[in-house]
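Contents: one structure, followed by commentary.
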Amino acid sequence: MALEEGDASGEDSFGSAARDYLGRGRTAAGRRMGVSEDQDNLMGWLFVAPNVFVFSTFLLGPVLFAFYVSFQEWSILRNAGEFIGIENYLTVLQPLPVTTNGLNLSVFTNPTENLFWYSLKNTFVYAIGTVPLQILGGLAVALMLDKRVRAKKAYRAAYFMPVMLSGAASAVMWRWFLSADGVINSFLRPIGLAHNWAGDPATALGGVMLMAVWGGIGSNMIFFLAGLQNIPEELYEAARIDGASRWHLFRHVTWPNLGNTNFFVIVMAVISAFQVFGIALVFSEGGPYYATTTTVLLIYQRAFDEGLMGEGAAMAFILFLIIFVFSYYQYRHQRSGEVEY
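Positions in the sequence shown are counted from 1; adding 316 to them yields my numbering.
Here is the structure:
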């Protein structure tokens, strides 16, 4: 134990000495080229400045302006608005699911009562139904293709093919598959199971979810493959020497060391699910009877179709708050279980 502590302290001192040596060498090189420390810092800021300018102009600026619009009764024609405080937020949220008289769950089942809560319910159902399948499917495919299999590159290309298709093209294709006269019903009709999957409010959202899972497995596969290839082979060899089975290798070596990859994939998949827009718009424009109206689609319709820019901006920031809270707690969870080797 003392030897291990001595080795660790020796490695730390060696690393510190190496960093000091490299720092002195960098400073000496800068002096030889006539670059002072202040000038070196200035050069760093100059390299960063274009990215900061683009981020502030095209990303941060519009976000702050949308936050300002959320407190306005904004007219897109006059490009001006009247300050109304939090009235847009109250209009979007009322009636609340929880009142002084108890629960009011009808806001989640009746789109005419509050379309925002109804669309948020659709978005949660979509996320719960797609994110686990996208992640588990991507991980399963990555584990299969990480081994020595024939035609590995062809399989990777085949699974990644849906990612290269645009959302609009995928939605048109799947709407044709799931329509009353579509390809799927041509196989189901002889056994009496034909159904207008895309035109029925009970199954339309399921069709959008099926399309999302089909397209999301390929992108997650790429991330998991990158994570698997960064796991040291020595860990597997040591576990095999100790008699670990395939399940133990996955449970105690693969899964813990995919922590950073899991965090990235889960957060990005959830954010993508809560921001689903294009495929829902092209697939059925939010119908039939609001069955595929997601929150972002409702924001688009409220702001640009109905001209209620303030309400649309208020919905956007409520959705942002939901995504931010999830991402923050997922980050805290990931930090607490981080693996070092």
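For every residue, glycine included, the Cβ atom is placed at its ideal position computed from N, Cα and C. Note that this is a predicted model, so its numbers are computed, not measured.
Item                                                                                                                                                         : Value
Closer than 8 Å by C-beta to Ser588: which residues in its own chain qualify, once you throw out the five before and the five after it? Chain order, please. : Gly532
Please state whether the Cβ-Cβ distance between Thr609 and Asn438 is less than 9 Å.                                                                          : yes
With a CB to CB cut of under 8 Å and the five nearest residues on each side skipped, what residues in its chain are close to Phe579?                         : Gln646, Tyr647 and Gln650
Hey, is the segment 422-434 in contact with the segment 598-608, meaning 3+ C-beta pairs nearer than 8 Å?                                                    : yes
At 3 residues or longer, and completely inside the segment 370-425: list those beta strand (DSSP E) runs for me, N to C.                                     : 388-391 and 396-399
Leaving out five residues before and five after Gly453 in sequence, what residues of the same chain have Cβ atoms less than 6 Å from its Cβ?                 : Ile533
Under DSSP, the alpha helix (DSSP H) around Lys463 begins and ends at which residues?                                                                        : Here Lys463 belongs to no alpha helix (DSSP H), and DSSP marks it neither H nor E.
If you run the structure through DSSP and keep just helix, strand and coil, what is Phe593?                                                                  : coil
Where in the segment 595-630 do unbroken runs of the alpha helix (DSSP H), each at least 4 residues long, occur, reported from the N-terminal end onward?    : 611-616
Just confirm the distance between the C-beta atoms of Asn536 and Ala487, as a whole number of angstroms; I'd bet it's less than 8 Å.                         : With a Cβ gap of about 20 Å, Asn536 and Ala487 do not count as contacting.
Among Leu409, Gln410, Phe381 and Val408, which has the Cα closest to the Cα of Gly397?                                                                       : Phe381
Do Gly498 and Ala514 have their beta-carbon atoms positioned less than 9 Å apart in this structure?                                                          : yes
Does the beta-carbon distance from Ile615 to Ala632 come in below 9 Å?                                                                                       : yes
Sorted by chain position, which residues of the same chain lie with C-beta nearer than 7 Å to Thr446's C-beta, five sequence neighbours on each side aside?  : Met525, Ala528, Val529, Gly532 and Ala589
Does the segment 537-545 come within contact of the segment 462-482, defined as at least 3 CB pairs closer than 8 Å?                                         : yes
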